[in-house]
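In mature numbering (1 follows the signal peptide of the UniProt record, and there is no 0), the protein residues as written are -24 to -1, 1 to 297.
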């Protein structure tokens, strides 16, 4: 069923609206200060020692998390994200290896420098890497979590992809609040810290968990290799580049697929091509922060899933030939 396929695809691929006005005569100094605030956030997300609590809102799901990060001269960089409701779910990063521990599913590990369940990986990198497709605008000050914060917006240059509003702690550079919006300004995802403690040294728990045995490392999805089917994507939105292509089987139901991964530096989407079998549903469309669109093409099921608007996902799927 496509529902099982969707859950598996998400595993593989991831393995309150405010207003904001910008003057057309905004100075280059203001634009640079927006990039400076973004870069300050990126530095905080990679170098700070902190303990935080947060609430993540995705669709109709509201989930509380505990989030810790430590940088220790001996063990390196360690990060832990714990979901506080429902089945025990934790993500642990030790340097460039990220492990997913879930009591209701198989544990696995991936190669990555960041945990991307809450914030995009690009938020931990210099803004220069996004400047070809996005611009950053600086807003006014605000008070978030009892702290002085700076408001910035990350906007698509072509208005064809999602945008972000961020409130950054002026003292430490930590993102205190994030809102992801579609082209119409509708909120599709939110995150806000509910507590934050910045420390001089790594939290003790990060030192303890660095010795936990990691689960098996999944095959690296970001490789270029031959695919099984002659059907594949023939068009990508401007600014998106092909990061990898390969054939593999999905985690949940072992469905053989050709997988193509694209990114514009901030957003990512995947195209999956599978032979159509009995029981698979076609022409499915779900729009959220991770859009899903599937359609039949001859004897294949084409599925597009990622951080792109539904209209873009439909065009991508239509150009699979």
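For every residue, glycine included, the Cβ atom is placed at its ideal position computed from N, Cα and C.
**Request:** Would you mind working out which of 91, 64, 246, 284 sits nearest residue 81, comparing C-alpha positions?
**Result:** Locating residue 81 in the chain shown gives position 105, where the first residue counts as 1. Answer by Cα proximity: 64.
**Asked** Between which two residues does the alpha helix (DSSP H) harbouring residue 239 extend?
**Response** The residue given as residue 239 occupies position 263 in the chain shown. For residue 239, there is no enclosing alpha helix (DSSP H); the enclosing beta strand (DSSP E) has its first and last residue at 232 to 239.
**Contact set for residue 168: own chain, Cβ-Cβ below 8 Å, skip 5 residues either direction** = If you number the chain shown from 1, residue 168 lands on position 192. These residues qualify, in order along the chain: 30, 31, 120, 121, 152, 153, 154.
**Request:** Starting from residue 41, follow its DSSP beta bridges and name the residues at the other end.
**Result:** As a working mapping, residue 41 is identified with position 65 in the chain shown. Beta-bridge pairing links residue 41 to 30, 59.
**Prompt:** Helix or strand or just coil, what does DSSP make of residue 137?
**Reply:** If you number the chain shown from 1, residue 137 lands on position 161. Here residue 137 sits in coil by DSSP.
**Asked** Which same chain residues, not among the five before or five after residue 250, have their C-beta less than 6 Å away from its C-beta?
**Response** Counted from its first residue, the chain shown places residue 250 at position 274. So the qualifying residues of the chain are 231, 233, 277.
**Prompt:** Can you give the Cα-Cα distance for residue 291 and residue 139, rounded to whole angstroms?
**Reply:** Residue 291 sits at position 315 when you count from the first residue of the chain shown. Residue 139 sits at position 163 when you count from the first residue of the chain shown. Computed Cα separation, rounded: 20 Å.
**Message:** Any contact between the region 171 to 185 and the region 41 to 56? By contact I mean 3 or more CB pairs, one from each, below 8 Å.
**Reply:** Judged by Cβ distances under 8 Å, the region 171 to 185 makes contact with the region 41 to 56, as three or more pairs qualify.
**Message:** Between the region 79 to 94 and the region 102 to 113, can you find at least three pairs of beta-carbon atoms closer than 8 Å?
**Reply:** No, because fewer than three Cβ pairs between the region 102 to 113 and the region 79 to 94 fall closer than 8 Å, the two stretches do not touch.
**Cutoff 6 Å; reference residue 14; Cβ partners in own chain excluding five residues on either side** = As a working mapping, residue 14 is identified with position 38 in the chain shown. Once the five neighbours on either side are set aside, the close Cβ partners of residue 14 are 103, 112.
**Prompt:** According to the neighbour-count rule (16 or more other Cβ atoms, all chains shown, within 10 Å of its Cβ), is residue 75 buried or exposed?
**Reply:** In the chain shown, residue 75 corresponds to position 99, counting from 1. When all chains shown are included, residue 75 counts as buried.
**Request:** Under 8 Å by Cβ, that's how I've got residue 381 and residue 129 pegged, so tell me the actual separation to the nearest angstrom.
**Result:** With the chain running from -24 to 297 in the structure shown, residue 381 is simply not present.
**Message:** Applying the 10 Å Cβ sphere with the 16-neighbour rule, what's the burial state of residue 289?
**Reply:** Start at 1 with the first residue of the chain shown, and residue 289 comes out as number 313. By the Cβ neighbour-count rule, residue 289 is buried, with 16 or more other Cβ atoms within 10 Å of its own.
**Message:** Looking at the strands, I want to know which residues DSSP matches up with residue 118.
**Reply:** Walking along the chain shown from the start, residue 118 turns up at place 142. DSSP, once it has assigned bridges, lists 125 as partnering residue 118.
**Own chain, CB closer than 8 Å to residue 272, minus 5 neighbours either side, in chain order** = Start at 1 with the first residue of the chain shown, and residue 272 comes out as number 296. If we look at residue 272 and ignore the five residues flanking it on each side, its Cβ neighbours are 252, 258, 259, 278.
**Item:** residue -13 (DSSP reduced to helix, strand or coil)
**Value:** Position 12 of the chain shown, counted from the start, is the residue given in the question as residue -13. At residue -13 the pLDDT is 46, less than 50, meaning the model places this residue with poor confidence; the figure from the coordinates comes in the next sentence. Taken through DSSP and simplified to helix, strand or coil, residue -13 comes out as helix.
**Prompt:** Closest to residue 61 by CA distance: which of 23, 9, 39, 216 is it?
**Reply:** As a working mapping, residue 61 is identified with position 85 in the chain shown. Of the residues 23, 9, 39, 216, the one whose Cα lies closest to the Cα of residue 61 is 39.
**Prompt:** In terms of residues, what are the limits of the beta strand (DSSP E) holding residue 23?
**Reply:** Translated into the one-based positions of the chain shown, residue 23 becomes position 47. No beta strand (DSSP E) contains residue 23, which is instead part of the alpha helix (DSSP H) from 4 to 23.
**Request:** Using a threshold of 9 Å, state whether the C-beta atoms of residue 156 and residue 17 are closer than that.
**Result:** The residue you call residue 156 lines up with position 180 of the chain shown. The residue you call residue 17 lines up with position 41 of the chain shown. When the beta-carbon positions are compared, residue 156 and residue 17 stay at least 9 Å from each other.
**Item:** Three-state class that DSSP yields for residue 182 in the structure shown
**Value:** The residue you call residue 182 lines up with position 206 of the chain shown. Correct three-state label for residue 182: helix.
**Request:** Could you give the DSSP three-state label for residue 212: helix, strand or coil?
**Result:** In the chain shown, the residue the question calls residue 212 occupies position 236. It is coil, neither helix nor strand.
**Request:** State the start and end residues of the unbroken beta strand (DSSP E) segment that holds residue 260.
**Result:** Within the chain shown, residue 260 is the residue found at index 284, counting from 1. Here the beta strand (DSSP E) through residue 260 covers 260 to 262.
**CA nearest to the CA of residue 135, picked from 264, 171, 158, 23** = Along the chain shown, one-based indexing puts residue 135 at 159. Nearest Cα to residue 135 within the set 264, 171, 158, 23: 158.
**Message:** Comparing C-alpha positions only, which one of 263, 270, 174 sits nearest to residue 35?
**Reply:** Within the chain shown, the letter at position 59 stands for residue 35. Between residue 35 and the set 263, 270, 174, the nearest pair of CA atoms involves 263.
**Item:** Enclosing alpha helix (DSSP H) for residue 168 [first to last residue]
**Value:** For the purposes of this step, residue 168 is identified with residue 192 of the chain shown, where counting begins at 1. Segment 163 to 175 is the beta strand (DSSP E) holding residue 168; no alpha helix (DSSP H) there.
**Prompt:** Looking at the structure shown, is residue 67 part of a helix, part of a strand, or coil, going by DSSP?
**Reply:** For the purposes of this step, residue 67 is identified with residue 91 of the chain shown, where counting begins at 1. When DSSP states are grouped into helix, strand and coil, residue 67 belongs to the strand group.
**Request:** Can you check DSSP and say which residues form a bridge with residue 281?
**Result:** Within the chain shown, residue 281 is the residue found at index 305, counting from 1. Answer is 246, 268.
**Request:** Output yes or no for whether 9 Å exceeds the beta carbon distance between residue 281 and residue 246.
**Result:** In the chain shown, the residue the question calls residue 281 occupies position 305. In the chain shown, the residue the question calls residue 246 occupies position 270. Contact flag set, yes.
**Asked** Below 9 Å between beta carbons: does that hold for residue 27 and residue 43?
**Response** The count along the chain shown starts at 1 and reaches residue 27 at position 51. The count along the chain shown starts at 1 and reaches residue 43 at position 67. Yes, they are a contact pair.
**Asked** Is residue 173 buried or exposed, if buried means 16 or more other CB atoms sit within 10 Å of its CB?
**Response** Residue numbering aside, residue 173 sits at position 197 when the chain shown is read from its first letter. In the assembly as shown, residue 173 is an exposed residue. Its beta-carbon has fewer than 16 other beta-carbons within 10 Å.
**Prompt:** What's the gap between the Cα of residue 147 and the Cα of residue 126?
**Reply:** Along the chain shown, read from residue 1 onward, the residue named residue 147 stands at position 171. Along the chain shown, read from residue 1 onward, the residue named residue 126 stands at position 150. So the two alpha carbons sit approximately 10 Å from each other.
**Request:** Take residue 256 as the anchor and find which of 270, 187, 204, 265 has the nearest alpha-carbon.
**Result:** Walking along the chain shown from the start, residue 256 turns up at place 280. Of 270, 187, 204, 265, the residue nearest in Cα terms is 270.
**Request:** Please say whether residue 223 and residue 243 have beta carbons closer to each other than 9 Å?
**Result:** By one-based count along the chain shown, residue 243 stands at place 267. By one-based count along the chain shown, residue 223 stands at place 247. By the CB criterion at 9 Å, residue 243 and residue 223 fall outside the cutoff.
**Prompt:** Shortest alpha-carbon distance to residue 83 belongs to which of 284, 212, 188?
**Reply:** Here the question's residue 83 lines up with position 107 in the chain shown. The shortest Cα separation from residue 83 among 284, 212, 188 belongs to 188.
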